[in-house]
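Trainee:
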Amino acid sequence: MGRELLQTSSYPERSVRPLNRERRLERSPSATRRSFQKRFNVPKGPDAKTIRKFFAKFDRTGSVDDNRVGNVEPRQTVVTSENVAKVSGIVQQNPRNTVRRIASETGLKRSSTQKILRNSLRMLPYKIQTHQAIPIKAVRQRFDFATRFSQ
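The sequence shown begins at 1 in our numbering and counts up by one.
(1) Below 8 angstroms CB to CB, which residues in the same chain sit around leucine 124 once its five sequence neighbours on both sides are set aside?
(2) Using only CA atoms, which one of Arg96, Ser111, Thr113, Gln141 lies nearest to glutamine 129?
(3) Let's test the definition: count the other Cβ atoms within 10 Å of the Cβ of alanine 103 and tell me whether it reaches 16, buried, or not, exposed.
(4) Per DSSP, what kind of secondary structure is arginine 148 in: helix, strand or coil?
(5) Within a Cβ cutoff of 8 angstroms, which residues of the same chain sit near asparagine 83, ignoring the five residues on either side of it in sequence?
(6) Under a three-way DSSP split, which group does alanine 138 fall into?
(7) Would DSSP call alanine 83 helix, strand or coil?
(8) Keeping to the same chain, check which residues put their C-beta closer than 6 angstroms to that of phenylalanine 145; ignore five residues upstream and five downstream.
(9) With DSSP as the reference, label glutamine 129 as helix, strand or coil.
(10) If you draw a straight line from the alpha carbon of alanine 133 to that of valine 78, how long is it in whole angstroms?
(11) Exposed or buried, what is threonine 32 when buried is set at 16 or more other beta-carbons lying within 10 Å of its beta-carbon?
(12) Just to confirm before moving on: does the CB-CB distance between phenylalanine 152 and valine 64 stay below 7 angstroms?
(13) Rounded to the nearest angstrom, what separates isoleucine 136 and arginine 142 at their Cα positions?
(14) State buried or exposed for phenylalanine 36, treating a residue as buried only when at least 16 other CB atoms are found within 10 Å of its CB.
(15) Quick one: what's got a C-beta closer than 7 angstroms to glutamine 114's C-beta in the same chain, skipping five residues either side?
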């Protein structure tokens, strides 16, 4: 429960100020917990381990928003037009290639190759299965049986 109380989504920057004040006063984690309980009027505050982790994170990054230091740019994606073209070319050459083989040929991760195949190229994972052709006579027999059965 204590860990949930300190999450930044429930207590944004306003929860950092009392914690930082307590840190400057060099009080114990239990004193910080009591202060937190009073300030936010909650019956049970965060445990000592959580408070120490938040202090360490605040010292390391200057914020408790996340573990990233500074303004980190958005995640890089491997689903680029160049990679999609590579995968598409390999699939057009041999549509029966496995995802693992395509991934090794392109130098991409298997999961990235799967994302490209599914989302960008709209291909679904299945294996082509061949069956025997149904003769015309069998099709007529099935149709006759279905019409007799439905009457």
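Glycine included, each C-beta is placed from N, C-alpha and C at the ideal position. Note that this is a predicted model, so its numbers are computed, not measured.
Mentor: Based on what the coordinates show:
(1) Position 124 of the sequence shown, counted from the first residue, corresponds to residue 124. Here the set comprises Arg118.
(2) As a working note, residue 129 is residue 129 in the sequence shown. Nearest of Arg96, Ser111, Thr113, Gln141 to glutamine 129, Cα basis: Arg96.
(3) Taking the first residue of the sequence shown as 1, we reach residue 103 at position 103. Burial call: buried.
(4) For this step, residue 148 is matched to residue 148 along the sequence shown. If DSSP states are grouped into helix, strand and coil, arginine 148 belongs with the helices.
(5) For this step, residue 83 is matched to residue 83 along the sequence shown. Cβ neighbours of asparagine 83 beyond the five flanking positions: Thr106, Leu108, Ser112, Ile116.
(6) To locate residue 138, count along the sequence shown from 1; it is residue 138. If DSSP states are grouped into helix, strand and coil, alanine 138 belongs with the helices.
(7) Looking up residue 83 in the sequence shown gives position 83. Checking the sequence shown, residue 83 turns out to be asparagine, not alanine. Three-state result, asparagine 83: helix.
(8) Counting from 1 along the sequence shown, the entry for residue 145 is found at position 145. Result list for phenylalanine 145: empty, nothing under 6 angstroms.
(9) Here residue 129 refers to the residue found at position 129 when the sequence shown is read from its first residue. Three-state result, glutamine 129: coil.
(10) Mapped onto the sequence shown, residue 133 falls at position 133. Mapped onto the sequence shown, residue 78 falls at position 78. Cα to Cα, the separation comes out at about 42 angstroms.
(11) Here the question's residue 32 lines up with position 32 in the sequence shown. By the 10 Å Cβ count, threonine 32 comes out buried.
(12) Only positions 1 to 151 of the chain appear in the structure, and residue 152 is not among them; the question remains open.
(13) Locating residue 136 in the sequence shown gives position 136, counting from the first residue. Locating residue 142 in the sequence shown gives position 142, counting from the first residue. If you take the alpha carbons of isoleucine 136 and arginine 142, they lie about 10 angstroms apart.
(14) Taking the first residue of the sequence shown as 1, we reach residue 36 at position 36. Classification of phenylalanine 36: buried, given that the 10 Å Cβ count is 16 or more.
(15) As a working note, residue 114 is residue 114 in the sequence shown. Taken in chain order, the residues that qualify are Val99.
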